[in-house]
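In this note's numbering, the protein residues as written are 72 to 407.
As structure tokens, this is what we get:
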């Protein structure tokens, strides 16, 4: 039996290959459950006691030789592998192209139009206080917007809330800057409304403000006329008297959308006219609240919902589609 082990030692020491399959067969032959080494350990139980020590030493020598040979073959195999030079920072394939969100597409287009006539963009916080969101804008304490059923209040006494309009950006800007002022304030706003196909508790607004000497309602009308023509390609608008606490006089702006399709009938309720924004001359009380001389300066303000405009431009019927992030909807805007 000892002679057999010595023969196997010679075989192990002389074994050499680069084949992974042959190396694995070698391992199984000696170290497998039914391998040579396990057979020898089973045989060790039957060896006479006076021979067990020598027989055990021979088995251990064979075991160490097998382990050493496997380690040498493994190292030789790894050193022979040619490492391919490859750019590991390369994007994975396939690379899906994204697109701008339809809300951003329309927002950027509106900003581009007004920038062409001198408007700059101003930004402000989404979490506001009572002064900038309500009081400075001439909204009285009994106004419905101050009710918790209409506004998301975070704290009370003092009132801290999620802004209900981006007019709060205008009050902050007027406090820190003197006329002439010509700004746009785009952003997200929040109102406690039931979510449906036509309304949402989160939406986006873009508001404009122009304060200078001798600004008139005629200036406001010409600005709106220019904007609607640039955005819709439709030049016919009308102004209907309305009421806003922060402007006087105030008006709603309708654009003639036409009645060329069934969708046109539905969104204009069969009239062909569609309301797109509110506007008016800035109330002198608002100017006084932000320390601007209302005797010297006048101005106008306007505001619109970006979702409403986007739904019109892309004929989308459900406002919830803007917030669900359904890839099937967003993929339609890849080419825009």
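For each residue, glycine too, the CB sits at the ideal point set by N, CA and C.
Treat the numbers as computed from the prediction; the structure is a model and nothing was measured.
Determine the burial state of residue i: buried for a count of at least 16 other Cβ atoms within 10 Å of its Cβ, exposed for fewer.
i, result
"residue 13", "With the chain represented from 72 up to 407, any question about residue 13 goes unanswered, as that position is not in the structure."
"residue 214", "exposed"
"residue 93", "exposed"
"residue 388", "exposed"
"residue 378", "buried"
"residue 314", "exposed"
"residue 101", "buried"
"residue 368", "buried"
"residue 254", "buried"
"residue 114", "exposed"
"residue 95", "exposed"
"residue 276", "buried"
DSSP state of residue i, grouped into three classes?
i, result
"residue 262", "coil"
"residue 276", "strand"
"residue 348", "strand"
"residue 243", "helix"
"residue 322", "strand"
"residue 402", "helix"
"residue 338", "helix"
"residue 125", "helix"
"residue 363", "coil"
"residue 268", "coil"
What are the start and end residues of the alpha helix (DSSP H) that includes residue i?
i, result
"residue 81", "73-85"
"residue 110", "107-115"
"residue 294", "288-303"
"residue 330", "Residue 330 -> no alpha helix (DSSP H), and no H or E assigned at all."
"residue 391", "Premise fails: residue 391 is in no alpha helix (DSSP H) and is neither H nor E."
"residue 314", "Taken as a continuous stretch (DSSP letters only), residue 314 belongs to no alpha helix (DSSP H), being part of the beta strand (DSSP E) at 308-315."
"residue 377", "377-385"
"residue 360", "355-360"
In terms of residues, what are the limits of the beta strand (DSSP E) holding residue i?
i, result
"residue 94", "Taken as a continuous stretch (DSSP letters only), residue 94 belongs to no beta strand (DSSP E), being part of the alpha helix (DSSP H) at 91-102."
"residue 226", "224-226"
> Fully enclosed by the segment 136-222, which beta strand (DSSP E) runs are 3 residues long or longer?
Replying inline: 198-200
> Is there contact between the segment 173-193 and the segment 336-346, where contact requires at least three CB pairs shorter than 8 Å?
Replying inline: no
> Any contact of the segment 272-286 with the segment 234-245, i.e. 3+ C-beta pairs under 8 Å?
Replying inline: yes
> Three or more beta-carbon pairs under 8 Å between the segment 368-375 and the segment 231-238, yes or no?
Replying inline: yes
> Between the segment 324-336 and the segment 345-358, do at least 3 Cβ pairs fall closer than 8 Å?
Replying inline: yes
>> Measuring CB atoms only, is the segment 168-180 touching the segment 201-210, in the sense that at least three cross pairs come out at less than 8 Å?
In response: no
> Does the segment 288-303 come close enough to the segment 220-233 to have 3 or more Cβ pairs within less than 8 Å?
Replying inline: no
> Is the segment 130-146 in contact with the segment 98-115, if contact means three or more CB pairs nearer than 8 Å?
Replying inline: yes
> Is there contact here, the segment 105-112 with the segment 120-139, by at least three beta-carbon pairs under 8 Å?
Replying inline: yes
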